[in-house]
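Chemist: This is the structure I have questions about; it appears just below.
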Amino acid sequence: MTKSLSGKLAVVTGASRGIGRAIAEQLLAQGAEVVGTSTKAGGDFPKGCRHEAVRLDDPASVASFCRTVETLAPHILVNNAGVANPQTFEAIDDAEFRRVHEINLMAPMAICRAALPGMKRHGWGRIVNISSIWGPMSRVARSTYASSKAALDGMSGCLAAEAAPHGVLVNCVAPGFTETEMIKTIFPPDKRAALAKSVPMKRLAQPEEIAKAVVWLAGVQNGYVTGQNILVDGGLSRVRET
Amino acid sequence: MSDKPLQGKLAVVTGATRGLGRAITERFLADGAAVIGTGTKPDGQVPKGCRYQQLELSEDASVEAMCGTIEKEAPHILVNNAGISNPQGWDTLDAKTFRATQQIDLVAPMMMCRAAIPGMRNHKWGRFVGISALSGSYIGRPTRASLGAAKAGLVAVYTSLAAELAPDGILANCVAPGFIDTDVLPQLYTKEQIAAMAARAPVGRLGKPEEVAALVAFLAGPDNTYMTGQQILIDGGFTRTL
């Protein structure tokens, strides 16, 4: 097959591990040039992936990266990097709430804003923001994370409306429980086994499975899906077994 | 990505002689699948290379014969695409038409899904894709009581399939198309209405049947391994934006 993304430039945040790394790999495999980011310089990026160090919790670092994005004028932007730090409602720490929102919402907003003019010039663009099932669904101690991700989806819906006339499609992908470092940090191994049982498919997702949906939405096969939040969750959100 | 991602797979597509079903059939064939397509006429014209079976969804005997074919041929993929909208305002809505719509859009698809399960279990692989509608789970539209009820019901049938079959690796999803540029559209709407629909979607145009087919092919193909029980809107942003 001719590589469907030859000649396309993609920016993927958080591309050194987990879902972001899988997205970068698949975009590269389809012929795109990829610029990935990670917090520290010299992370473990896929072969052939260009990279930049960006601290999404640092507005100056984000602003500097946005200038890079403006210059790069990517065709594809995937805002994947994010943080989760469960805290029960009464224990919400204002500074931590702001930090999570800075990383999960403010930085993606700024990067989308920086990428939009280039996409308009190309007359073609695809933005995929990684949201979360914590938005459509909920769970104890997710108010900080869920509010940032639900806001990201709300922002994406509006961006879809504004960008559509320019051939720019904007969607979110909400991953279910996925085998990443994030989930390993939050859930110990026995809890992860219980999580897998709670999923109708009886297993966690591999990062590559989430990436397939992201790359479809970000690619040339997607011509008419925009403003959506696509759940890739093994049936979790829509199914209860009892 | 393989050149022929559906090589070795058999698909059944209802309503394969025109519109979306025809585009889905063409896409499946191009992706390497064998396809059995249906139409209401004895000598319906399906794309080259597609087997044909006459199917009248309103007649139990015809649906049962199709179920027999499905049981015998054991398709890996079933796309319930054929349907009828039977628009009627509430002042003329009659129970007979309402029932007839449920038979075609909901009961017959349920029977065909049921017939396909044993074969998919044998294959340890299966993909159900139902073509739903914006009217129903998402929005109310004038005159769409019969269609909306049937399509919301179809989504519920598919969600239930997802719940029961997820442990076997069989995935079930629906695709809800917005206004798509098929030969059906001019039969239902005036030129002015069609132009207004195209302008109403943020992308500023109707969807193409091939664009819907590309989404169906993703959901029905090997790249989808973790998405089930979902309904994906492909509507150019129409439903979510005002």
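Here the protein sequences line up with chains A and B, keeping their order. Everything in the first sequence is counted per this note's numbering, starting at 369 for the first residue and increasing by one. Everything in the second sequence is counted per this note's numbering, starting at -11 for the first residue and increasing by one. For each residue, glycine too, the CB sits at the ideal point set by N, CA and C.
Taking the alpha carbon of glutamate 458(A) as the reference point, which residue from Arg489(A), Phe413(A), Ala509(A) and Lys408(A) has its own alpha carbon closest?
Modeler: It is Ala509(A) whose Cα lies nearest to the Cα of glutamate 458(A).
Chemist: With a cut-off of 8 Å, does the C-beta of proline 155(B) fall near any C-beta of chain A?
Modeler: Interface residue, yes.
Chemist: Kindly indicate if chain A contains any beta-carbon less than 8 Å away from that of valine 23(B).
Modeler: Valine 23(B) does not count as touching chain A.
Chemist: Mind checking whether serine 506(A) and alanine 519(A) have CB atoms under 8 Å apart?
Modeler: In this structure, alanine 519(A) does not lie closer than 8 Å to serine 506(A) by Cβ.
Chemist: I need the straight-line Cα distance from asparagine 110(B) to glycine 157(B), nearest angstrom please.
Modeler: If you take the alpha carbons of asparagine 110(B) and glycine 157(B), they lie about 11 Å apart.
Chemist: For threonine 610(A) and chain C, any beta-carbon pair shorter than 8 Å?
Modeler: You won't find chain C in this structure, because its protein chains are A and B.
Chemist: Below 9 Å on C-beta distance, what does asparagine 212(B) contact in chain A?
Modeler: The answer, in chain order, is Glu577, Lys580, Ala581, Trp584 and Val600.
Chemist: Counting along the chain, where does the beta strand (DSSP E) carrying arginine 332(A) start and finish?
Modeler: Only positions 369 to 610 of chain A appear in this structure, which leaves residue 332(A) out of reach.
Chemist: Would you mind telling me which residues of chain B sit closer than 7 Å to glycine 603(A), beta carbon to beta carbon, in chain order?
Modeler: Correct list: Ala150, Ala151, Ala154, Thr216 and Gly217.
Chemist: Which parts of the stretch 25 to 101 of chain B are runs of the beta strand (DSSP E), unbroken and 3 residues or longer, counting only runs that do not cross its ends?
Modeler: You should have 39 to 42 and 65 to 68.
Chemist: Just to confirm, is the Cβ distance from glycine 209(B) to aspartate 19(B) under 8 Å?
Modeler: Yes. Within cutoff.
Chemist: Locate the beta strand (DSSP E) running through threonine 405(A), then write down its first and last residues.
Modeler: Its beta strand (DSSP E) spans residues 401 to 406.
Chemist: Is the beta carbon of arginine 115(B) less than 8 Å from the beta carbon of isoleucine 65(B)?
Modeler: For arginine 115(B) and isoleucine 65(B), yes; Cβs fall inside 8 Å.
Chemist: One question on the structure: do lysine 517(A) and asparagine 453(A) come within less than 8 Å of each other, judged by their Cβ atoms?
Modeler: No, Cβ-Cβ distance for lysine 517(A) and asparagine 453(A) is not below 8 Å.
Chemist: Looking at chain A, which residues of the stretch 193 to 211 of chain B have a Cβ within less than 7 Å of any of its Cβ atoms?
Modeler: Flagged, chain order: Gly195, Lys196, Glu199, Ala202, Leu203, Phe206 and Asp211.
Chemist: Closest to phenylalanine 465(A) by C-alpha separation, out of Lys376(A), Ala383(A) and Thr512(A), would be which residue?
Modeler: Per the Cα distances, Thr512(A).
Chemist: Can you confirm whether glutamine 596(A), when its beta carbon is compared against all beta carbons of chain B, has any partner nearer than 8 Å?
Modeler: At least one chain B Cβ lies under 8 Å of glutamine 596(A).
Chemist: Could you list the residues in the stretch 180 to 194 of chain B with a C-beta less than 7 Å from some C-beta on chain A, going in chain order?
Modeler: Answer in chain order: Pro190, Val191 and Gly192.
Chemist: Under 8 Å by Cβ, that's how I've got glutamine 589(A) and alanine 202(B) pegged, so tell me the actual separation to the nearest angstrom.
Modeler: That belief holds up - the Cβ atoms of glutamine 589(A) and alanine 202(B) are roughly 4 Å apart, short of 8 Å.
Chemist: May I ask you to report which of helix, strand or coil DSSP gives glycine 375(A)?
Modeler: In this structure, glycine 375(A) counts as coil in the three-state DSSP scheme.
Chemist: Reducing DSSP to helix, strand and coil, say where serine 524(A) ends up.
Modeler: Correct three-state label for serine 524(A): helix.
Chemist: Under 8 Å between the Cβ atoms of valine 191(B) and alanine 532(A)?
Modeler: Cβ distance < 8 Å, so valine 191(B) and alanine 532(A) count as in contact.
Chemist: Please tell me whether glutamate 496(A) has its Cβ less than 8 Å away from any Cβ of chain B.
Modeler: Position check: residue 496(A) holds valine in this sequence, whereas glutamate was assumed. Not closer than 8 Å to any Cβ of chain B, the Cβ of valine 496(A) fails to qualify, so no.
Chemist: Excluding five sequence neighbours on each side, which residues of the same chain lie with their C-beta closer than 8 Å to the C-beta of lysine 580(A)?
Modeler: The answer, listed in chain order, is Gln394.
Chemist: Can you pull the chain B neighbours of proline 454(A), defined as C-beta to C-beta under 8 Å?
Modeler: Result: empty, since nearest Cβ-Cβ is about 23 Å, beyond 8 Å.
Chemist: Quick one: list the residues of chain B neighbouring lysine 376(A), beta-carbon separation under 9 Å, in chain order.
Modeler: None at all; the shortest Cβ gap to chain B is about 15 Å.
Chemist: Kindly provide the ranges of any alpha helix (DSSP H) runs that are 4 or more residues long and lie completely inside the stretch 179 to 209 of chain B, ordered along the chain.
Modeler: 179 to 188 and 197 to 208, all fully within the stretch 179 to 209 of chain B.
Chemist: For the alpha helix (DSSP H) that cysteine 417(A) lies in, which residues bound it at each end?
Modeler: Per DSSP, cysteine 417(A) belongs to no alpha helix (DSSP H) and is neither H nor E.
Chemist: Report the partner residues of alanine -1(B) according to the DSSP bridge assignment.
Modeler: Paired residues: Val23(B) and Ile65(B).
Chemist: Consider the Cβ of threonine 89(B): report whether some Cβ of chain A lies at a distance smaller than 8 Å.
Modeler: Closer than 8 Å: no.
Chemist: Could you tell me which residues DSSP puts in a beta bridge with phenylalanine 116(B)?
Modeler: According to DSSP, phenylalanine 116(B) bridges with Leu66(B) and Ala160(B).
Chemist: Against chain A, does glycine 225(B) count as a neighbour if the rule is that its beta carbon must be under 8 Å from one of theirs?
Modeler: Answer yes: the Cβ-Cβ gap between glycine 225(B) and chain A drops below 8 Å somewhere.
Chemist: So, alanine 150(B) versus alanine 160(B), is the Cβ gap smaller than 8 Å?
Modeler: Taking 8 Å as the Cβ cut-off, alanine 150(B) and alanine 160(B) qualify as a contacting pair.
Chemist: Is it buried or exposed, serine 374(A), if we count other Cβ atoms within 10 angstroms and call 16 or more buried?
Modeler: It counts as exposed.
Chemist: Got a sec: is the Cβ-Cβ distance from tyrosine 592(A) to anything in chain B below 8 Å?
Modeler: So, interface residue.
Chemist: Can you give the beta carbon distance from serine 73(B) to leucine 135(B), rounded, assuming they're within the 8 Å contact cut?
Modeler: With 8 Å as the limit, serine 73(B) and leucine 135(B) qualify as a contact, their Cβ atoms being about 5 Å apart.
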